[in-house]
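As you go down the protein sequences, you meet chains R and A in turn.
The opening position of the first sequence corresponds to residue 1 in this note's numbering, with each subsequent residue numbered one higher.
The opening position of the second sequence corresponds to residue 319 in this note's numbering, with each subsequent residue numbered one higher.
What follows is a set of notes on a single structure, which appears directly below.
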Amino acid sequence: MFGLKADACSIPMPEVYYGLDDYAKSTARWCPGCGGHSILAAVHKVCKDKQYPPEKTVCVSGIGCSSRFPHYMGTYGFHGLHGRAFPVACGVKFRRPDLHLFVITGDGDCCSIGAGHWVHAIRYNMKMVVLLFDNGIYGLTKKQTSPTSALGTHSNTHPRGSVVPPINPLQTTLGFANVSFVAQTTDWHPAHLQATIRKAADHPGLAFVRIVQRCPMYMKDLYGDMAADPNSLVLLNHDQGIELDPAIAKTFKRNLDHDPADLRAAREVAEIHDGIPVGLLYQNTENMRYDDYGAHNLGMSVDEKSKAVDALLERYTI
Amino acid sequence: MDKHALDVLNTTNGKGTSQRKKIDQAIVEIVSDSGEGAQKCGQSLGQISAKMGNGVWTVEIIPAEIQPPARSREGASGIRVRFGAKKITNMGDHAGLVVALNEQVLYGRLRQNAYKQGTILLIENKWASDENPEIRRQYAEALTEFKAEGFDVREIPMETECLKLVMDARKGKNMWVLGMLCYIYDRDVEIAEKQIHQTFRKKSQKVIDVNIDLLHAGYHYAKENLDFCYEIPPMKVSDEQVVMNGNEALSLGIMAAGIELCSMYPITPATSASHHLAEHFEKVGGVVHQAEDEIAAIGFAVGAAYAGKTTVTITSGPGIALKTEFIGLAVMAEVPLVIIDVQRGGPSTGLPTKVEQSDLTAAIMGQTGDVPKIVLAAATIEECFHFVILARKLAEAFRTPVFLLSDANLATGVQPFKRPKVNPDWFALPIDLSPWKEGIRAFDWSPETGISKRPIPGQKGGMYTLTGLAHDENSKVAYEPEINQRSSEARSRKFAAFQKTLKPPTIHGDPEGDLLVVGWGSTLGAIDEGIEMAREEGLKVSSIHLRFLFPFEPGLADIFKRFKKVMTIEINYSDTVGDPMITEENRRYSQLAWQLRARTLVDIDCAGNVYGQPLGPGQVLEIIKKQLA
């Protein structure tokens, strides 16, 4: 009819369409006002936008407040050991190129007890989104100093103020071999948070996102004022950076042009202290990926394997 | 046979007696400083003997340091080869002949009681004319001492003879020695030549030729100058045989088990299995992951296993210590995983290159909380191969980590065994990825067996979050105490169900008597041979050897009842009875004895030591006699 084939008019529809509910599970048990809630909502949204099949999506975490995250997802999850989210996630991904991976870790989990794995996970550069929930304090165990606590932070382990300078997770990650993606965002700017996680999910390698997070229970004063002050965030601008709706981008009072291909400049951005730089600090899509190596010889048949083992045994036959 | 070899064989005897003395077995050692190729020489002798149809066992003598100072007494590096007309299952007791590239390294072995009166010592004599007077003095002093102790000392001009063929005798002396041994023990020169071709296959033809010349020179020298030589008839074997060491058997077992990922961190004495695997794993579609540490190695394996991959992690004592928390998680979350522990001396860094069977308790109960899991121990090199296949199947069938224990003695020991027939079932994939059946929960523990089916990422409808926290059937974090009790029962019940499938162990010897010896792991050959020796002396002794350490094979208490005494012999620590400080109340037992006492309520004695040496049959006989005295 009208010279058109019937199926040329139809809009292709996926067989299954996943809604936000498909990614949600039980109600999150974080404290009211915890930054975790908005990060969870952002991950749900990105999964839905990208239509990740829930059965092909895996959230791996360690231990801590943040690491409860997989229990609140309708996907597969792995809530493992303190500090060990990285080795588990790397093991999941190594021979499973079909899975979408999120690693959820906190400042204690990643930068203290699991710091050794942090170095090497960055170096392996397997495709996964790493979300560092950094609230600068241990929450689950009730207010102890974290490796990212600012000097002088009063906690139950340092009642007169912490005495050792903190780790800067951005600067540290930028110093690891084979680093390929480092971004920063905050829990209180949902649009930027979502856009950053979306960019991370598109990255061909390990995308490390530090999320500056509020802890209303133990660190009320840390970001409380900043969240209300539009001058506290410094938006990193670049056409290769985090894509924001121009109307939203306009709401940022402070802007900085930054080329994410420039590692040296990224390190300077990581050292900004009179505000929180948000955006993409560094990206390199060309880096070697260890998951490519891991999956390079998948799919050998039983017959091929039997023959290969038999040939090896033949070498030892007398 | 090439012309040269024929020439050698046709040469008439010089000084040597042409009459070969028929013997049914020989124990030979080659000892030297590290890096002089003694091990290659002994391995070649073992291979040649196996190919000639002899029973063979070789065991490496390894110093703890990579490069100990030359001519040091602790630095003895080398190898023992025991071969004979019957199947050889252990390293035996005292060597009958020793080739020493310097006299000092012999002291280390003497201290370990490796030789006896009459042992022939063939000693490099270049030290007699060394430019350093201190070395000349040491050499003369040592020889006097050795002669006084009753050894048959022969000075051999190895260096001088080798220098006739090569510029640097350090390279090649080992093949000259091999030639000498080939003459002494009537080894087939043609097979020896092939062995050299195999050993140096990656080197140039020139290197191969020189080494073959050295072999012939050594052979010729022995023929002209030695007044003794032997003949060892082959044994009758109808099955095709393979010959390899225990770590190679583990590696081949991993490949034959259909395992596709080995996640490891370097540690002695386990690492050589990973080296072998790294070389060949590719051919069966597998990958070795060298992790950043022991914890990451098992974490990676657990992650891959959770994602449906067949996985092994391999390590030794200190590595097991570091892996503890992840092993607990694998038990709690029921992750199928094979954990291989090639045991060494402990505790802590301990004796990295020496044998010990002291990780048993750690394997069975070494994690916090209640941590049931299957623990297997290979007793032979052949079992190193087959038990990996078994371990993988058990891990999947019972949704559990499975420990496979080997040790430093099996790792470097070489023994021929029946060539395995490859079975395609070994490579079956662990899971089917069809949609998960509705209504089945992530941990749907069977009330009878405790066993549940596991969902794998990628399976529609199976989504769950694995957790190390106490959890219910849906893997939901449990806040009610009742759930933790119920889930712990399910995890424990699996192994009771598994135990029902096992058979009681076979008794070596009569089913009743005065003494039953219980062993496990690499001591099988020595214990069996020691039992034979005791029975020949009329002692009423039998033995059983356990392969399943958790759960135990059934029927143990019934077997024990039929013997007046029961004891274990193990290579791990136990307090010495008779020590005035040791009482019935504070005595610490060897590890298997401890387990057996707790689980059978039989008053089981034990003999255990931590000298770091493999067990010899003579030692077993001595222990038995003492026990029955």
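All C-beta atoms, glycine included, are put in the ideal place defined by N, C-alpha and C.
Quick caveat, the model's predicted, so the values are computed rather than measured.
> Helix, strand or coil: which one does DSSP assign to A/F866?
Replying inline: strand
> In chain R, which residues lie with their C-beta within 8 Å of the C-beta of A/L647?
Replying inline: G80, L81
> What did DSSP end up calling R/Y282 once you bin it into helix, strand or coil?
Replying inline: strand
> For R/A89 and chain A, any beta-carbon pair shorter than 8 Å?
Replying inline: yes
>> Rounded to the nearest angstrom, what separates R/V16 and A/K794 at their Cα positions?
In response: 27 Å
> Of the choices A/F745, A/L728, A/I769, whose alpha-carbon is the least far from that of A/L933?
Replying inline: A/L728
>> For a quick check, are the C-beta atoms of A/V689 and A/V649 less than 8 Å apart?
In response: yes
>> Just to confirm before moving on: does the CB-CB distance between R/R289 and R/G205 stay below 8 Å?
In response: yes
> Is it buried or exposed for A/A788, if we count other Cβ within 10 angstroms and need 16 for buried?
Replying inline: buried
>> Among the candidates A/R391, A/H412, A/E847, A/N372, whose CA atom is the shortest distance from the CA of A/F401?
In response: A/N372
> In its own chain, which residues sit with a C-beta less than 8 Å from the C-beta of R/A194, not counting the 5 before and 5 after it?
Replying inline: The displayed chain sequence assigns Gln, not Ala, to residue 194 of chain R. Here the set comprises A42, K45, V46.
> Where do the N-terminal and C-terminal ends of the alpha helix (DSSP H) with A/C955 fall, by residue?
Replying inline: There is no way to answer for residue 955 of chain A, as the model of chain A reaches only from 319 to 947.
> Just checking, does the segment 291-305 of chain R make contact with the segment 258-274 of chain R on the three C-beta pairs under 8 Å criterion?
Replying inline: no
> Over what stretch of residues does the alpha helix (DSSP H) that includes A/W494 continue unbroken?
Replying inline: 491-502
> Along chain A, in chain order, which residues have C-beta atoms closer than 8 Å to that of R/D98?
Replying inline: G776
> Would A/G410 pass as a contact of A/P935 if the rule is Cβ separation under 8 Å?
Replying inline: yes
> Excluding sequence positions up to five away, which residues of its chain have a Cβ less than 6 Å from the Cβ of R/H154?
Replying inline: G161
>> Would you say A/R759 lies against chain R (beta-carbon separation less than 8 Å)?
In response: no
> So R/Q171 packs on R/R267, CB below 8 Å; how close in whole Å?
Replying inline: 6 Å
>> Quick check on DSSP: helix, strand or coil for A/D325?
In response: The predicted model places A/D325 with a pLDDT of 46, which falls under 50 and marks its position as unreliable, so this point remains unresolved.
> So is R/H203 in contact with chain A if we call contact Cβ pairs under 8 Å?
Replying inline: no
> Which runs of the alpha helix (DSSP H), 4 residues or longer, sit entirely within the segment 326-393 of chain A?
Replying inline: 356-369
> Applying a beta-carbon distance threshold of less than 8 Å, which residues of chain A neighbour R/N297?
Replying inline: E600, G603, G604, V605
> So, using beta-carbon positions, are A/A695 and A/L570 closer together than 8 Å?
Replying inline: no
> Going by other Cβ atoms of all chains shown within 10 Å of its Cβ, with 16 needed for buried, is R/G80 buried or exposed?
Replying inline: buried
>> Check whether chain A comes within 8 Å of R/L312, counting only Cβ atoms and requiring the distance to be less than that.
In response: yes
> Does DSSP classify R/I211 as helix, strand or coil?
Replying inline: strand
> Could you give the residue range of the alpha helix (DSSP H) that holds R/I39?
Replying inline: 36-50
> From R/H71, R/S67, R/V163, pick the residue whose C-alpha is nearest to that of R/V130; which is it?
Replying inline: R/S67
>> Please report the straight-line C-alpha distance between A/K404 and A/K736, rounded to a whole angstrom.
In response: 15 Å
>> Between R/Y138 and chain A, is the shortest Cβ-Cβ distance under 8 Å, so that the two count as touching?
In response: no
>> According to DSSP, simplified to helix, strand and coil, what is A/E940?
In response: helix
>> By the 8 Å beta-carbon criterion, what residues does the segment 550-568 of chain A contribute toward chain R?
In response: E558, Q559, V560, V561, M562, E566
> Can you find a heavy atom of the ligand NAD that lies under 7 Å from the Cβ of A/A815?
Replying inline: Annotation note on the ligand NAD: not contained in the displayed structure, which lists no ligands.
> Can you name, in chain order, every residue of its own chain whose Cβ lies under 7 Å from the Cβ of A/N331, other than the five neighbours on each side?
Replying inline: Reliability fails at A/N331, whose pLDDT of 46 lies under 50, so the model's placement of it is uncertain and no value is given.
> Which residue comes first and which comes last in the beta strand (DSSP E) that contains A/R400?
Replying inline: 395-402
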